[in-house]
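Data first, discussion second: the structure below is written as C-alpha cells.
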Amino acid sequence: QQPVQSPQAVILREGEDAVINCSSSKALYSVHWYRQKHGEAPIFLMILLKGGEQKGHDKISASFNEKKQQSSLYLTASQLSYSGTYFCGTDSYSGAGSYQLTFGKGTKLSVIP
Amino acid sequence: DTAVSQTPKYLVTQMGNDKSIKCEQNLGHDTMYWYKQDSKKFLKIMFSYNNKELIINETVPNRFSPKSPDKAHLNLHINSLELGDSAVYFCASSQDNSGPAGNTIYFGEGSWLTVV
C-alpha cells in the first residue's frame, strides 16, 4: 500500500527549515528517503530501520515513529541544492521471503534565494 | 563507472512500434527492477527480478515483457507502443529483497520514452 506524503509541495527561502511527512496505514519495517532533482534519477538519502531511529545526513535528518507508522524528514537551513522532489519508500512483505519497496507520490521542494 | 546503466537515454518513436531498453548493473546486486515514472512524477514498480527470476509483476499490459539473461542485466521490451506509454523508465537494483536493509534501491539514469 502506497505511503502518504505531505505536503505535496513546499517553497522555501534559503536558510529556512522544512519538514516532510510520510505515513502508512500498514505496519512499517523501515522507511527509505530519496531525492530526485529535475531530469535526474532518484538518489538514496537514508534508511531508518528501527522504531524511534533518527538519522542525519549533513543538515538533513529523519525520524521514524514505528507506533504511529510514520516518518518525518527534516531539512534545516535549506540550501539551493536541496531543491527537488523527495520520496519516501516503505517496505512491505510480499511473500516467499521477499520485501517490496513502495514509494509515496513525492513532495516537491523548491528553495529560492 | 556507472553503477546502473541503461540505454537509450532518449527514445522517440511512433505508435505501434516495438522498442527495447537495456539495463546493466555492476554492483553485484541480486535484485533488479523496472520502474515507470509518469508526468505526475509517481514512481511505480513494474517488475522485479531476483537472481534472474521474476518476483514482482505488477498490473502491467502484456505488451511489456522483461527479460533477464543473467542477474546483472534486465532488459525491457515493449510491443505495439501506445501514446500512454510515454514516460520515464528507470532500471534499478538492490542488494537483495530479503529484508528492508537489502532493499535500498539504486536507480539508473532513466530512459525518456516519447510515443508520437
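Read top to bottom, the protein sequences are chains U and R. If you're matching positions, the first sequence starts at 1 in the numbering used here and goes up one per residue. If you're matching positions, the second sequence starts at 1001 in the numbering used here and goes up one per residue. Glycine included, C-beta positions come from ideal geometry on N, C-alpha and C. This one's a predicted model, so the numbers in the text were calculated from it and none came from an experiment.
Burial state of residue i, where buried means 16 or more other Cβ atoms lie within 10 Å
i: U:G84; result: buried
i: R:Q1014; result: exposed
i: R:L1027; result: exposed
i: R:G1110; result: buried
i: U:T107; result: buried
i: U:H38; result: exposed
i: U:G95; result: exposed
i: U:F6; result: Rather than Phe, the amino acid found at residue 6 of chain U in this sequence is Ser. U:S6 comes out exposed.
Bridge partners - residue i, DSSP secondary structure assignment
i: U:V31; result: U:L48, U:T90
i: R:Q1037; result: R:L1043, R:V1088
i: U:A18; result: U:L75
i: U:L109; result: U:V10, U:G84
i: U:K55; result: U:A62
CB contact flag (residue i, residue j, <8 Å)
i: R:L1113; j: R:N1017; result: no
i: U:S114; j: U:S61; result: Here chain U has residues from 1 to 113 only, and residue 114 of chain U is not among them.
i: R:M1046; j: R:S1068; result: no
i: R:K1036; j: R:Y1089; result: yes
i: R:H1077; j: R:S1020; result: yes
i: U:T90; j: U:L28; result: yes
i: R:Y1049; j: R:P1061; result: no
i: U:L101; j: R:N1051; result: no
Partners in chain U for residue i, counting only beta-carbon separations shorter than 7 Å
i: R:K1041; result: T85, G106
i: R:E1082; result: Simply none; closest approach about 23 Å.
Terminal residues of the beta strand (DSSP E) in which residue i lies
i: R:L1083; result: Element bounds for R:L1083: n/a, residue is neither H nor E.
i: R:E1053; result: 1053-1057
i: U:N65; result: 60-65
i: R:D1070; result: 1064-1070
i: U:E40; result: Premise fails: U:E40 is in no beta strand (DSSP E) and is neither H nor E.
i: R:Q1006; result: 1004-1007
i: U:T102; result: 98-103
i: R:V1060; result: Segment: none, R:V1060 is in no beta strand (DSSP E) and carries neither H nor E.
i: R:I1021; result: 1019-1025
i: R:N1075; result: 1073-1078
i: R:T1104; result: That residue, R:T1104, is in no beta strand (DSSP E); it is neither H nor E in DSSP.
i: R:V1116; result: Neither: R:V1116 is in no beta strand (DSSP E) and is coded neither H nor E.
Where residue i meets chain U, residues with beta-carbon distance less than 9 Å
i: R:E1109; result: E40, A41
Partners in chain R for residue i, counting only beta-carbon separations shorter than 7 Å
i: U:F103; result: L1043
i: U:H32; result: T1104
i: U:S94; result: I1056
Where residue i meets chain R, residues with beta-carbon distance less than 9 Å
i: U:Q100; result: I1045, S1048, I1055, I1056, N1097, N1103
i: U:F44; result: T1104, I1105, Y1106, F1107
8 Å Cβ cut-off: residues of chain R touching residue i
i: U:G97; result: S1098
i: U:S6; result: Correct list: empty, because the minimum Cβ distance to chain R is about 15 Å.
Please name the residues in the stretch 14-30 of chain U whose beta-carbon is closer than 8 Å to at least one beta-carbon of chain B, in chain order. Annotation note: the requested chain B is absent from the structure, which comprises protein chains U and R.
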